[in-house]
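**Q** For the sequence shown, position 1 matches number 5 in my numbering, and the numbering has no gaps at all. No residue lacks a Cβ here, since even glycine has one placed at the ideal position from N, Cα and C. This structure is in structure tokens; I'll ask about it shortly.
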Amino acid sequence: MFGSFTGDLLVLADWLREQGVTHVAMEATGVYWRPVWAVLEGQFEQLLVNPHHIKAVPGRKTDAKDCEWIADLLQ
């Protein structure tokens, strides 16, 4: 897990690069996505998903299913 302070997010960005990540997708939940987006901007291709679209996905809503759906959008 990574923290939410800027230093923590910079560590996250370093870790993502070390893993060979080139694209990042995230749900725009409240204002929580903004610092992550700002730190990763310019380093990765980013996709921001509207949470209302996730709620419209058929079936029971769970964090795991949300993650799968967001990953599918990124492909």
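Less than 7 Å between the C-beta atoms of residue 17 and residue 51, yes or no?
**A** Counting from 1 along the sequence shown, the entry for residue 17 is found at position 13. Counting from 1 along the sequence shown, the entry for residue 51 is found at position 47. Contact: no.
**Q** With a threshold of 8 Å on Cβ separation, who are the neighbours of residue 55 within its own chain once the five nearest residues in sequence on each side are excluded?
**A** Taking the first residue of the sequence shown as 1, we reach residue 55 at position 51. If we look at residue 55 and ignore the five residues flanking it on each side, its Cβ neighbours are 31, 32, 33.
**Q** Please name the residue or residues paired with residue 31 in a DSSP beta bridge.
**A** Numbered from 1 along the sequence shown, position 27 holds the residue referred to as residue 31. Bridge partners of residue 31: 53.
**Q** How big is the Cα-Cα spacing for residue 15 and residue 38?
**A** Numbered from its first residue, the sequence shown carries residue 15 at position 11. Numbered from its first residue, the sequence shown carries residue 38 at position 34. Rounded to whole angstroms, residue 15 to residue 38 spans 16 Å at the Cα level.
**Q** Can you give the Cα-Cα distance for residue 8 and residue 63, rounded to whole angstroms?
**A** For this step, residue 8 is matched to residue 4 along the sequence shown. For this step, residue 63 is matched to residue 59 along the sequence shown. Approximately 31 Å, taken between the alpha carbons.
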